[in-house]
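Residue numbers (this note's numbering): 15 to 260.
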Amino acid sequence: MSSKGILRSFFRQWKKGEHNASSEKSKPWILYAPTLAAYPDEAERWMHEQFTAAGVAVAGIDSGESYGSPAGIRCTERLHAEMVKRGYSKKPCAFGRSRGGLWASAWAIAHPELCAGIAGIYPVYDWRTYPGAESAAVAYGLSQEQLLSKVDELCPIERITVAARAGIPVFIIHGDADTVVPLDRNSAELKKRYESVGAGKLVELEVVKGQGHNFWEGFFRSTKLVAFAIAQAKAGAAEPVAIQSK
Numbered sequence: 015m016s017s018k019g020i021l022r023s024f025f026r027q028w029k030k031g032e033h034n035a036s037s038e039k040s041k042p043w044i045l046y047a048p049t050l051a052a053y054p055d056e057a058e059r060w061m062h063e064q065f066t067a068a069g070v071a072v073a074g075i076d077s078g079e080s081y082g083s084p085a086g087i088r089c090t091e092r093l094h095a096e097m098v099k100r101g102y103s104k105k106p107c108a109f110g111r112s113r114g115g116l117w118a119s120a121w122a123i124a125h126p127e128l129c130a131g132i133a134g135i136y137p138v139y140d141w142r143t144y145p146g147a148e149s150a151a152v153a154y155g156l157s158q159e160q161l162l163s164k165v166d167e168l169c170p171i172e173r174i175t176v177a178a179r180a181g182i183p184v185f186i187i188h189g190d191a192d193t194v195v196p197l198d199r200n201s202a203e204l205k206k207r208y209e210s211v212g213a214g215k216l217v218e219l220e221v222v223k224g225q226g227h228n229f230w231e232g233f234f235r236s237t238k239l240v241a242f243a244i245a246q247a248k249a250g251a252a253e254p255v256a257i258q259s260k
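In structure tokens:
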């Protein structure tokens, strides 16, 4: 991918001047994924309007169908650096819709000290369920066999306890009839992994009975989800961050 493609990011502000100026030293924001030609889409308009009306910016970067790969994480790191340069918080809330859950969780795992929260709408955390190991392998630059041999290292759900141990709170809304992104192997599994290290109270999983992977309005107009993302983004902006040396 060219550097031009890597740096093609957006500042999602549906109306000119909608983002309220903040008196804080750093401004709160939400890291949104996936950011692709078709996303975010009209279904998310109301939600994003609530964010910007609350003084919280929304930003994402088009890293292609990277599915949480190291290359995708590097793209997100560049977006994060640009946001901080522009006066935004070092600690955003990571928001993933559907496969965007892979982007959001992979970045949070790579940089837990920089993540104020993880939010999701029927998010993917296990690429074995979607898009499947064969398709994910292309994004990771590996064969399917190589990728599966490194599942403990490269699959976000297998490393999500890093986020749990770092105390990163989570709010997810997911339907129990989702056959595209199965609840039990993604959002419910994340909750189990958090519980396994004594951090279950940090996860709120709202399971919607009878709903699948669709445009049901309740997914995109969840006041609890919106309130969580806003609160965590603002908390991140108010919190001093000690960057870990590498």
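We put the CB at the ideal spot given by N, CA and C, even for glycine.
Exercise. Evaluate the contact criterion for the segment 41–52 versus the segment 242–249: three or more CB pairs, one atom per stretch, below 8 angstroms.
Key: Touching, yes.
Exercise. With distances taken Cα to Cα, identify the nearest neighbour of Ala125 among Lys238, Lys164, Val98, Val176.
Key: Sequence index remark: in the sequence shown, residue 125 carries index 111 (1-based). Note that residue 125 is His in the sequence shown here, rather than Ala. Proximity to His125 across Lys238, Lys164, Val98, Val176 peaks at Val176, based on C-alpha coordinates.
Quiz item: Leaving out five residues before and five after Ser77 in sequence, what residues of the same chain have Cβ atoms less than 6 angstroms from its Cβ?
Solution: On the sequence shown, residue 77 is found 63 positions in, with the first residue counted as 1. Correct list, in chain order: Gly86, Cys89.
Exercise. Would you mind giving the Cβ-Cβ distance between Gly131 and Ile182, rounded to the nearest angstrom? I have them listed as a contact below 8 angstroms.
Key: Translated into the one-based positions of the sequence shown, residue 131 becomes position 117. Translated into the one-based positions of the sequence shown, residue 182 becomes position 168. That pair is a contact at about 6 angstroms.
Exercise. With a threshold of 16 other CB atoms inside 10 Å of the CB of Arg111, please say whether the residue is buried or exposed.
Key: Position 97 of the sequence shown, counting from 1, holds the residue named residue 111. With 16 or more other Cβ atoms within 10 Å, it is buried.
Quiz item: Tell me which same chain residues have a C-beta within less than 7 angstroms of the C-beta of Ser157, skipping the five on either side of it?
Solution: By one-based count along the sequence shown, residue 157 stands at place 143. Cβ neighbours of Ser157 within its own chain (closer than 7 angstroms, five residues either side excluded): Ala151.
Exercise. From the DSSP output, read off the bridge partner residues of Glu218.
Key: Your numbering for residue 218 matches position 204 in the sequence shown. In DSSP, Glu218 forms a bridge with Phe185.
Quiz prompt | Short Cβ contact (7 angstroms threshold) for Leu93 with Pro170 | solution = Against the sequence shown, residue 93 aligns to sequence position 79. Against the sequence shown, residue 170 aligns to sequence position 156. Taking 7 angstroms as the cut-off, the beta carbon of Leu93 is found no closer than this to the beta carbon of Pro170.
Practice problem: May I have the straight-line CA-CA distance separating Asp140 from Pro196, to the nearest angstrom? | Solution: Here the question's residue 140 lines up with position 126 in the sequence shown. Here the question's residue 196 lines up with position 182 in the sequence shown. The straight-line gap from Cα to Cα measures roughly 10 angstroms.
Quiz item: Nearest CA to the CA of Pro84: which residue from Phe229, Tyr46, Lys164, Asn228?
Solution: Here residue 84 is taken as the residue at index 70 of the sequence shown, counted from 1. Shortest Cα-Cα distance from Pro84 to any of Phe229, Tyr46, Lys164, Asn228 involves Lys164.
Exercise. Specify the secondary structure class of Trp60 as computed by DSSP and reduced to three states.
Key: The residue given as residue 60 occupies position 46 in the sequence shown. Residue state, collapsed to three classes: helix.
Quiz prompt | Span separating the alpha-carbon of Met61 from that of Ala191 | solution = For this step, residue 61 is matched to residue 47 along the sequence shown. For this step, residue 191 is matched to residue 177 along the sequence shown. Using only the alpha carbons, I get a separation of about 23 angstroms.
Quiz item: With Ile187 and Glu209 assumed to form a contact (beta carbons below 8 angstroms), what rounded beta-carbon distance in angstroms separates them?
Solution: Along the sequence shown, read from residue 1 onward, the residue named residue 187 stands at position 173. Along the sequence shown, read from residue 1 onward, the residue named residue 209 stands at position 195. Contact flag wrong, Cβ pair sits at about 19 angstroms.
Exercise. Check the DSSP bridge columns for Gly110 and list the partner residues they point to.
Key: Looking up residue 110 in the sequence shown gives position 96. According to DSSP, which records beta bridges pairwise, Gly110 is partnered with Ala47, Gly134.
Quiz prompt | Neighbourhood of Glu253 by C-beta distance below 8 angstroms, restricted to the same chain and skipping five residues each side | solution = In the sequence shown, counting from the first residue as 1, residue 253 sits at position 239. Sequence-distant Cβ neighbours of Glu253 in its own chain, meaning closer than 8 angstroms and more than five residues away, are Lys105, Ala130.
Quiz item: Looking only at its own chain, which residues have a Cβ that is under 8 angstroms from the Cβ of Val211, when we skip the five neighbours before and after it?
Solution: Stepping through the sequence shown from its first residue, residue 211 is reached at position 197. In the same chain as Val211, and ignoring 5 residues on each side of it, the C-beta atoms closer than 8 angstroms to its own belong to Thr175, Ala178, Arg179, in chain order.
Practice problem: Could you check how far apart the C-beta atoms of Tyr154 and Leu162 are, in whole angstroms? I think they sit under 8 angstroms. | Solution: Here residue 154 refers to the residue found at position 140 of the sequence shown. Here residue 162 refers to the residue found at position 148 of the sequence shown. Not quite, the Cβ-Cβ distance comes to about 11 angstroms (not below 8 angstroms), so this is no contact.
Quiz item: Does the beta-carbon of Glu148 have 16 or more other beta-carbons within 10 angstroms, so that it is buried, or is it exposed?
Solution: Position 134 of the sequence shown, counted from the start, is the residue given in the question as residue 148. With fewer than 16 other CB atoms across the displayed protein chains lying within 10 angstroms of its CB, Glu148 is exposed.
Quiz prompt | Outcome for Thr66 when other beta-carbon atoms lying within 10 angstroms are tallied against a minimum of 16 | solution = Against the sequence shown, residue 66 aligns to sequence position 52. Only buried fits Thr66, as 16 or more other CB atoms lie within 10 angstroms of its CB.
Self-check item: Of the residues Gln64, Glu159, Val138, Ala73, the one placed nearest Glu203, counting alpha carbons only
Solution: For the purposes of this step, residue 203 is taken as the residue at position 189 of the sequence shown. Taking the Cα of Glu203 as reference, the smallest distance to any Cα among Gln64, Glu159, Val138, Ala73 is reached at Val138.
Exercise. Since I believe Gly74 is in contact with Tyr46 (beta carbons under 8 angstroms), could you give me their beta-carbon distance rounded to a whole number of angstroms?
Key: In the sequence shown, the residue the question calls residue 46 occupies position 32. In the sequence shown, the residue the question calls residue 74 occupies position 60. About 4 angstroms separates the two Cβ atoms, so the contact holds.
Quiz item: Is it buried or exposed for Asn228, if we count other Cβ within 10 angstroms and need 16 for buried?
Solution: Here residue 228 is taken as the residue at index 214 of the sequence shown, counted from 1. Taking a 10 Å sphere around the C-beta of Asn228, we find fewer than 16 other C-beta atoms and assign the residue as exposed.
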